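So the structure is just underneath, and the comments pick up after that.
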Amino acid sequence: MRINVLQHTPNEGPGSIQDWAHANNHELYVYHPYQFGNLPTADQTDLLVILGGPMSPNDDLAWIKQERQLIQQLLAAHKPLFGACFGAQQIAKTLGAAVTKAPHKEVGWAPVYLKSNAIPRLPSQLTALHWHEEMFEVPTGAELLFSSDLVVNQGFLLNENVIGLQFHFEPTADNVREIAINDDQYPLTHNALHQTSADIIQHGVPSENPAVMAQLLNFIVKH
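For the sequence shown, the UniProt record's numbering assigns the number 1 to the initial residue and increments by one for each residue that follows.
Structure representation (structure tokens):
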């Protein structure tokens, strides 16, 4: 399987998604469209992973619109897609859902609660890394997958092959340190979770998160 990853900022990479790809002998290709403008084609893609970033799907940038064209082609072809944060927003916007300011800016570790039993054996509560101040509306035809205490729309599942999460299960400990030290000012203003970069690093990655990330990916690629 060829997994194409769209990365949108240097400090938010594929993390445990890369580990899952290697463990399953998949080929991983990482694109940086914000810098180079290159995107894979739909026929080159068996699974598309769209990662987070500081931009908004509402920004008037050519590469953001081109990403959504690719997403639309993959949706039409019923290929699996996974989006985290900005990536989930991109999928939602492609499906006609709005992306708006969230009622609370969430930066740091906080629980998320399972709202659907469509994916078997997921824990009812997990601790995820949040790094956002916008949110998606759940697209028509999709079901709400996760919520947090501060933002209801934290995850969605569509047609058993598309998952969008407003938060992050994919970072490893090294990734968390990379995110936090390079974007260390972001948690300091209007952050409803009241965590600093040092707090976020000290918390560490919950041991179950890589397994849950793998479970989500296994689910969408097998349907």
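Beta carbons are placed, not taken as given, at the ideal position from N, Cα and C, and that holds for glycine.
No experiment lies behind these values; they were computed from the predicted model shown.
Exposure of residue i, with buried meaning 16 or more beta-carbon neighbours within 10 Å
i, result
"Gly141", "exposed"
"Gln125", "exposed"
"Gln69", "exposed"
"Pro187", "buried"
"Ala180", "buried"
"Asn153", "buried"
"Gln185", "exposed"
"Ala62", "exposed"
"Ala198", "exposed"
Closest residue to residue i among the options (Cα-Cα distance)
i, options, result
"Tyr113", "Thr172, Gln73, Gln66, Leu150", "Leu150"
"Trp109", "Phe167, Thr41, Gly83", "Phe167"
"Met213", "Gln35, Gln73, Gly83", "Gly83"
"Met135", "Glu178, Ile220, Lys101, Phe156", "Lys101"
"His104", "Trp131, Thr94, Ile119, Val221", "Trp131"
"Asp59", "Asn161, Ile163, Gly15, Val99", "Val99"
"Gly13", "Leu95, Asn24, Val49", "Val49"
"Leu165", "Lys115, Leu193, Arg121, Asn191", "Lys115"
"Asn175", "Glu143, Leu193, Gly155, Gln202", "Gln202"
"Arg121", "Pro139, Phe219, Pro33", "Phe219"
Cα-Cα separation between residue i and residue j, rounded to whole angstroms
i, j, result
"Glu67", "Leu39", "7 Å"
"Asn182", "Gln195", "15 Å"
"Glu208", "Ile71", "29 Å"
"His22", "Ile3", "11 Å"
"Asn117", "Ala211", "17 Å"
"Gln35", "Leu129", "25 Å"
"His8", "Ile64", "10 Å"
"Leu37", "Glu27", "Note that residue 37 corresponds to Gly in the displayed sequence, not to Leu. Each residue's Cα considered, the two are about 21 Å apart."
"Pro10", "Glu160", "30 Å"
"Glu106", "Thr189", "10 Å"
"His78", "Trp20", "22 Å"
"residue 276", "Gly204", "One cannot answer for residue 276 here, as it falls past the ends of the chain, which runs 1 to 223."
"Phe146", "Pro123", "11 Å"
"Ala97", "Cys85", "15 Å"
"residue 279", "Pro33", "Residue 279 cannot be examined here, being either before or after the span of the chain that is shown, 1 to 223."
8 Å Cβ cutoff met for residue i and residue j
i, j, result
"Ile119", "Leu157", "yes"
"Ile163", "Leu95", "no"
"Leu75", "Val5", "no"
"Glu170", "Gly15", "yes"
Distance cut-off 7 Å: residue i Cβ against heavy atoms of the ligand ZN
i, result
"Ile119", "Looking for the ligand ZN in the displayed structure turns up nothing, as the structure carries no ligands at all."
Segment contact flag, the stretch 25-45 with the stretch 88-99, C-beta cutoff 8 Å, min 3 pairs: no
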